[in-house]
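Working notes, beginning with the structure itself.
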Amino acid sequence: MKEQLKELETEALEKVQLAEDTKALQDVRVAYLGKKGPITEVLRGMGRLSKEERPVIGQLANEVREHIQDAIDSKQNSLEEAALDKQLEEEKLDVTLPGRPVQVGGPHLLTNILEEIEDLFIGMGFEIKEGPEVETDYYNFEALNLPKGHPARDMQDSFYITEELLLRTHTSPVQARTMKQKDGEPVRMICPGKVYRRDTDDATHSHQFTQVEGLLVDKNVRMSDLKGVLNTFAKQMFGSERDIRLRPSFFPFTEPSVEMDISCKVCDGKGCSVCKGTGWIEILGAGMVHPNVLEMAGYDPDVYSGFAFGMGPERIAMLKYGVDDIRHFYTNDIRFLKQYHKV
Ligand code: DAH
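What the sequence shown shows, in my numbering, is residues 2 to 344, in sequence order.
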């Protein structure tokens, strides 16, 4: 019996040493020390031994069990240490390697243009106003001298939400809103914002784009004031060598109405493909606020007069930076955007 136990011990210790992972080690433990293992078997059969043998074998069996258990424990420790060493080796970092460059974003080209326009007009004493993108038919059209059924409504194909609500087709409603708010006091504001039209997207059209509206109302405001402000704006935005010209036009909310051109930067006014041979490029619409518009907003047109203008920042950016497709502003191709990041 003693020899049998000793042999079991040697055999078990060898297997412990050979175990390559904790799973194998666990198998050895179950095989030798488990409920159905040979040591348990010996201890169970103690009853059959003589009185003298019982304590000796019992003690030996316990010793053998302890030795095997100790060997398993220390093997377990060394397996865990080895696993940890391996993990550390695998996860080793070379902290001296150069870092990956971080891509830094920047404001969108349109944001920059809008800020530039805002700064320019703030410099001339204008304040910035905002209005809702979901607008009432009243402010989008009626208050701007475009009653229901007016043919000029067709100039702006609209997204209607209900009979009386629509996505604003221009920023002009903010003129009427601001005048209402100022309640007869002089106004000098610009309003940048998004506008919507039922247009099919192509290189020069978009169902959603940006406008900047301008409005100045006071006593004795004249057309020459409008021209002075627009001239200052054009020269600061496009360069002092640029000339402007005003052409007669029609807008229901202004009388008289004009469109403003700037002399073509590409050919310096001589005529080229960009300006279609005319030497001029249209950049905005403007005019003297129509007496009906003043009156509807509570201003006496015999005392007050004003001018208004509306421009498209996309168009301004396209001219200033030679962008040839309006869709570039909205598709957010990083290769396009990156070219206009300010450093
Ligand atoms: N609202 C006009 C448009 O979207 C632009 C415009 C023209 C605005 C003349 C004005 C203006 O304030 O006076 O086409």
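Glycine residues also receive a C-beta, built at the ideal position from the N, C-alpha and C atoms.
| Asked | Found |
| --- | --- |
| Closer than 6 Å: H171 CB and nearest the ligand DAH heavy atom | yes |
| Euclidean distance between Cα positions of Y197 and S225 | 32 Å |
| Inter-residue Cα distance where the pair is G307 and Q104 | 47 Å |
| Classification of S75 by the beta-carbon crowding that lies within 10 angstroms, buried from 16 upward | exposed |
| Cβ contact (3+ pairs, closer than 8 Å) linking the region 53–63 and the region 17–27 | no |
| Separation of Q209 from T97, as counted between CA atoms | 50 Å |
| CA nearest to the CA of A72, picked from N113, L26, T255, Y140 | L26 |
| Straight-line gap, P249 to T255 (C-alpha atoms, nearest Å) | 11 Å |
| K183 to G215 span [Cα, whole Å] | 15 Å |
| DSSP three-state assignment for K76, whether helix, strand or coil | helix |
| R243 and S258 closer than 7 Å at C-beta | no |
| Three-state secondary structure assigned by DSSP to P253 | coil |
| Any 3 or more C-beta pairs closer than 8 Å across the region 307–316 and the region 146–163 | no |
| Any non-hydrogen atom of the ligand DAH closer than 6 Å to G288 Cβ | yes |
| F298 beta carbon near the ligand DAH (any heavy atom closer than 6 Å) | In the sequence as presented, Phe is not what sits at residue 298; that position holds Ala. No, the ligand DAH has no heavy atom inside 6 Å of this Cβ. |
| Any non-hydrogen atom of the ligand DAH within 6 Å of F127 CB | no |
| V230, buried or exposed, once every other Cβ within 10 Å from all chains shown has been counted against 16 | buried |
| Sequence-distant residues of its chain with Cβ nearer than 8 Å to T11 (five each side left out) | none |
| Candidates R45, P253, I114, M180, of which the one nearest E143 by Cα | P253 |
| Element boundaries [beta strand (DSSP E), containing I191] | 188–197 |
| Segments of 4+ residues assigned as alpha helix (DSSP H) that fall wholly inside the region 165–241 | 174–183, 224–239 |
| Exposure label - L79; buried when at least 16 CB within 10 Å | The residue you asked about is not Leu; residue 79 is Ser in the sequence shown. By the 10 Å Cβ count, S79 comes out exposed. |
| Distance cut-off 6 Å: A309 Cβ against heavy atoms of the ligand DAH | yes |
| Per-residue DSSP class, three states only, for T332 | helix |
| Proximity winner among E91, K37, E81, relative to K24 (alpha-carbon distances) | E81 |
| Contact check, V304 vs N146, beta carbons under 7 Å | no |
| Distance, D200 Cα to L115 Cα | 23 Å |
| Under 7 Å between C-beta atoms of D138 and E119 | no |
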